[in-house]
Every structure is written in C-alpha cells, then in structure tokens.
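Residue numbers (my numbering), protein chains in the order written: chain A, 32 to 138; chain B, 972 to 1116.
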C-alpha cells in the first residue's frame, strides 16, 4: 500500500517540519498534493464501479462529480464524447478511456 | 510542484502511473476537458487521440503529411502540434479538480489516428522535465521537476 502520509514523510523527517506543514495547511505544497483518500478502494472513491463498466468497455466516458459522481456520457471517439457530454452535462466533467476488460478505479 | 507517492490508477486490473491533465492551445483560448493520461516511459513523446486536436482549435494544413508515430502499443499515423499542458489536481473522490498543479507552456504532442485509447505522457517535452520515480511494489510514483 502506498504511504498515506506521503506528503509529510517525504518533505521532512523531523517533527518540527511536520508541524510546520500542518500549520501551513493553505500552503501550495500541501494543497497541490493528491488527497490521501484516493488511495483507498472503498465506496465512492472508485472512479467507476466495476458493475457499471461492462457497457462502457472500450469507450471514452465522461464523469461528472457534481451533484454526485456519475457517468454523464460515453462514446467511441473523444470528439463524439465531448459533443454528447457538453450537451447533457450541466457540470464540469473529466474524460477517461475504459479498456476492453477489467476494472478501472482509483487504487 | 512536487508529486510524491502518488498512487497508481488501476486499469484492467493493472496498476499504472496516471495523472489528470488538460491540453490547451498556446494562447490558452481553447482547451480540452480534463483527461486521465498514463505516464509512459516507453513512449518517446506525448501521444493523444487525433480528435483532441480539433478540440484545441487546430486544423490540418493543406498537404500536410501524416507521420508514423510509435508507442508502446503500436504505430499509428498522426500529426504533431505545440500545445500547453497542465497537470491538474486530483480530488478526494479520484476525479479531476480544476486547479493546475504544474504547467508546461510548450509541449509537442502527437495526435494519432486509430489509437483511441492513447493518452500517453512520454519522454520528449514531458518526462524530460522531471525526475520520475516509479515504485511498482507500493504502487505509487513521484514526479519532481
């Protein structure tokens, strides 16, 4: 498993540095780091659930996380996906290609 | 910007180093949606599907000849363009955020036909800006300018 305290551990080994980083919660360094929750495979942290995936295999999918995380469009090509997603999605979305087999989720 | 111990993303049961990125035209007026792209040490350059090119407002020049572009998954025909590349933050739910964590103002990206699953971040203009550390055992990677 990846180190869930990767930020602090990486930046400084001393307690003092860790404290300083905690206090500077608004600092760029901390904010720019990926959230530790992405490392889990539980529940809503998955980008797509394996059950949803079958029909999206070998397709581009657009995922919106507002108001809840869901697939807002899918298509065989990037341009077709963007066209459909911009029509249907009311909120920002991001693009993933789902390979033919297996699962895709944040690990 | 430093990315340390960034977890791999699992695709087809295989964990890979991937990042959310966005391409933009050099003037920043046109841009793609956030895309999950794979860091690919086997690719000589950044490779994206051909139709992303149109999303950035680029057009083919008359009589422009396609190049053969190779990657880890094969060879395809395509065209190169200079674009801007932003690495985006990852939100707690695993999706892309809007905040730019690193900007590469000029990157040559190869837009390739019939290679639709290619969102690859390769050596030229991308990896050659960073020190990349891959830890397959821990399924994480680090990217330091």
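In this text, a Cβ means the ideal position worked out from N, Cα and C, and glycines have one as well.
On a predicted model such as this, the values are computed, not experimentally measured, just so you know.
Beta-carbon spacing of residue i, residue j below 8 Å
i, j, result
"residue 1030/B", "residue 1053/B", "no"
"residue 1091/B", "residue 974/B", "no"
"residue 1082/B", "residue 1021/B", "yes"
"residue 1115/B", "residue 1058/B", "no"
"residue 1026/B", "residue 113/A", "yes"
"residue 1084/B", "residue 1047/B", "yes"
"residue 1067/B", "residue 1050/B", "no"
"residue 1065/B", "residue 1011/B", "no"
"residue 1079/B", "residue 1008/B", "no"
"residue 1055/B", "residue 1014/B", "no"
"residue 90/A", "residue 106/A", "yes"
"residue 988/B", "residue 1105/B", "yes"
"residue 129/A", "residue 103/A", "no"
"residue 87/A", "residue 1023/B", "no"
"residue 1062/B", "residue 96/A", "yes"
Beta carbon proximity, residue i to chain A, threshold 8 Å
i, result
"residue 1116/B", "no"
"residue 1035/B", "no"
"residue 1084/B", "no"
"residue 1011/B", "no"
"residue 1076/B", "no"
"residue 988/B", "no"
"residue 1081/B", "no"
"residue 1023/B", "yes"
"residue 1064/B", "yes"
"residue 1018/B", "no"
"residue 1090/B", "yes"
"residue 994/B", "no"
"residue 1014/B", "no"
"residue 1099/B", "no"
"residue 1026/B", "yes"
"residue 1004/B", "yes"
"residue 1069/B", "yes"
"residue 1007/B", "yes"
Minimum Cβ-Cβ distance from residue i to chain B less than 8 Å
i, result
"residue 98/A", "no"
"residue 92/A", "no"
"residue 87/A", "no"
"residue 105/A", "no"
"residue 102/A", "no"
"residue 109/A", "yes"
"residue 114/A", "no"
Counterpart residues of residue i in DSSP-defined beta bridges
i, result
"residue 1052/B", "1080/B"
"residue 990/B", "1008/B"
"residue 1013/B", "None, per the DSSP bridge assignment."
"residue 1115/B", "1102/B"
"residue 1090/B", "Answer by DSSP bridge pairing: none, since residue 1090/B is not bridged."
"residue 1020/B", "1083/B"
"residue 974/B", "1114/B"
Per-residue DSSP class, three states only, for residue i
i, result
"residue 125/A", "strand"
"residue 998/B", "coil"
"residue 1062/B", "coil"
"residue 1075/B", "strand"
"residue 1103/B", "strand"
"residue 134/A", "Because residue 134/A carries a pLDDT of 46, less than 50, the predicted location of this residue cannot be relied on, and no value is offered for it."
"residue 1070/B", "strand"
"residue 75/A", "Residue confidence for residue 75/A is low, a pLDDT of 42 falling below 50, so the modelled location carries little weight; the figure read from the coordinates is stated next. Correct three-state label for residue 75/A: helix."
"residue 104/A", "strand"
"residue 1026/B", "helix"
"residue 93/A", "strand"
"residue 1039/B", "strand"
"residue 39/A", "Legend: pLDDT at residue 39/A = 36, less than 50; position of this residue unreliable, no value from coordinates given."
### Message
With a threshold of 8 Å, are at least 3 pairs of Cβ atoms found where one atom belongs to the region 990-1010 of chain B and the other to the region 113-132 of chain A?
### Response
Note that the region 990-1010 of chain B touches the region 113-132 of chain A; at least 3 beta-carbon pairs, one per stretch, sit closer than 8 Å.
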